[in-house]
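Let me begin by presenting the structure, written as structure tokens, before commenting on it.
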Amino acid sequence: MITLGIDIGSITAKAAVMRDGKILAVRILRTGYNAKTAGDQLFEGIISGLGLNPSDIQGIVATGYGRKSITFADRAVTEITCHAAGARYMNSEIRSVIDIGGQDSKVILLDETGRVKDFAMNDKCAAGTGRFLEVMARALEVEISDFGSLSLSADHPASISSLCTVFAESEVISLISKGESRKNIIAGIHDSIAARVSAMAGRIRWIPPVMMTGGVAQNSGVVRSLEKKIGYPLVVTPNAQLTGAIGAALIAMNK
Ligand code: ADP
0 MITLGIDIGS ITAKAAVMRD GKILAVRILR TGYNAKTAGD QLFEGIISGL GLNPSDIQGI
60 VATGYGRKSI TFADRAVTEI TCHAAGARYM NSEIRSVIDI GGQDSKVILL DETGRVKDFA
120 MNDKCAAGTG RFLEVMARAL EVEISDFGSL SLSADHPASI SSLCTVFAES EVISLISKGE
180 SRKNIIAGIH DSIAARVSAM AGRIRWIPPV MMTGGVAQNS GVVRSLEKKI GYPLVVTPNA
240 QLTGAIGAAL IAMNK
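Using numbering that gives the first Met the number 0, you'd call the opening residue of the sequence shown number 0 and step up by one each time.
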């Protein structure tokens with residue numbers, strides 16, 4: 000059975016095609032202004048890349064904030080359910096998931112069978128999300144893909160106390176004008192994301208092993224700050240950003 004999972008996020012749109020539980024192809028593009036157009040482009044691109052016809056796809060599940068705009072999907076499923084399924088596919092032992100994407104962050108607890116036991120979510124505020132990092136990258140004139148390596152060489156992470164993205168950006172600009180190094184500022188930004196996610200998790204008791212998913216998992220600096228904050232090593236796979244799409248493709252198999 001060939002299925003498609005499609006995850007329309009606020010920053011990137013992701014697709015995964017699976018055959019009988021094996022990944023055949025994945026694709027990522029910027030969501031841009033129109034979520035529906037991004038979904039159509041992903042669908043056409045991934046299908047034609049595999050030499051398939053739309054009728055070869057026997058199940059399609061959409062997830063992500065733009066899931067409702069994917070009219071060619073059979074079903075829309077929440078990101079919590081899709082990230083849980085995708086995380087367990089990548090590592091069948093996982094009991095906790097930290098997902099940080101473009102505009103929200105989540106913590107998901109799973110039971111022994113992989114079912115969602117509890118979750119916490121911040122989708123009200125940019126602090127602790129990829130968008131926060133993008134605002135800071137602009138202020139610092141540094142590529143976001145360089146954030147991880149730069150922060151890992153910091154000798155004294157700066158303290159960033161504002162919880163609000165706009166105020167934190169002012170704080171960063173003030174640190175730049177005082178001559179603080181970029182690496183120390185970026186390390187401080189990562190620590191503030193970790194503090195934010197850990198506060199959001201609040202009452203949740205971490206159960207190891209813990210996996211990090213979402214685009215921000217590619218930032219090794221955020222991964223390290225979170226590991227320090229929560230006290231557990233994080234499992235990160237090369238497909239972290241695609242977890243929701245992979246989970247959606249798996250769920251499409253259980254019609
Ligand atoms: P969404 O699903 O909400 O659109 P993603 O899960 O795709 O978001 O995450 C987007 C975020 O991932 C970006 O805001 C950025 O912070 C981070 N990101 C993406 N690519 C990289 C990279 N190469 N290095 C570091 N961070 C990255």
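Built from N, CA and C at the ideal position, the CB exists for glycine as well. Predicted model only: the values in this text are computed from it and were never measured.
- Bridge partners of residue 252 according to DSSP: none are assigned.
- The residues 211, 216 and 222, in chain order, have a CB closer than 7 Å to that of residue 235 in the same chain once the five nearest residues on each side in sequence are set aside.
- For residue 54 and residue 81, the gap between their C-alpha atoms comes out near 24 Å.
- Counting C-beta atoms within 10 angstroms of its own C-beta, residue 155 has fewer than 16 neighbours from the protein chains shown and is therefore classed as exposed.
- Nearest Cα to residue 47 within the set 63, 23 and 60: 23.
- Assigned with DSSP and collapsed to three states, residue 15 falls in strand.
- Residue pairing by DSSP puts residue 4 in a beta bridge opposite 15 and 60.
- CA-to-CA, the gap between residue 94 and residue 176 works out to about 43 Å.
- Three or more beta-carbon pairs drawn from the region 4 to 15 and the region 232 to 247 are found closer than 8 Å, and the two stretches are therefore classed as touching.
- Looking from the CA of residue 153, the closest CA among 179, 99, 20 and 138 belongs to 179.
- By the CB criterion at 7 Å, residue 135 and residue 206 fall outside the cutoff.
- For the region 189 to 214, the continuous beta strand (DSSP E) assignments of 3+ residues that do not extend past its boundaries occur at 209 to 212, in sequence order.
- Comparing alpha-carbon positions, the option among 157, 104, 148 and 18 lying closest to residue 253 turns out to be 18.
- Going by DSSP, residue 148 is part of the alpha helix (DSSP H) stretching over 146 to 151.
- If only complete runs of 3 or more residues are kept, the region 42 to 120 shows the beta strand (DSSP E) at 58 to 62, 95 to 99 and 104 to 109, in order along the chain.
- With contact defined as three or more Cβ pairs closer than 8 Å, the region 141 to 151 and the region 92 to 111 are not in contact.
- For residue 138, the enclosing alpha helix (DSSP H) begins and ends at 129 to 139.
- For residue 11, the shortest separation between its Cβ and any heavy atom of the ligand ADP lies below 6 Å.
- Collapsing the DSSP output to three states places residue 225 in a helix.
- Taking a C-beta distance under 7 Å as the contact criterion, residue 228 and residue 197 qualify as a contact pair.
- Shortest Cα-Cα distance from residue 157 to any of 166, 128, 174 and 61 involves 174.
- For residue 27, the uninterrupted beta strand (DSSP E) run begins and ends at 21 to 29, by DSSP.
- Nearest neighbour of residue 0 by Cα position, chosen from 51, 27 and 32, turns out to be 51.
- Here the alpha carbons of residue 168 and residue 32 stand approximately 25 Å from one another.
- Straight across, the Cα-Cα distance linking residue 56 with residue 101 is about 28 Å.
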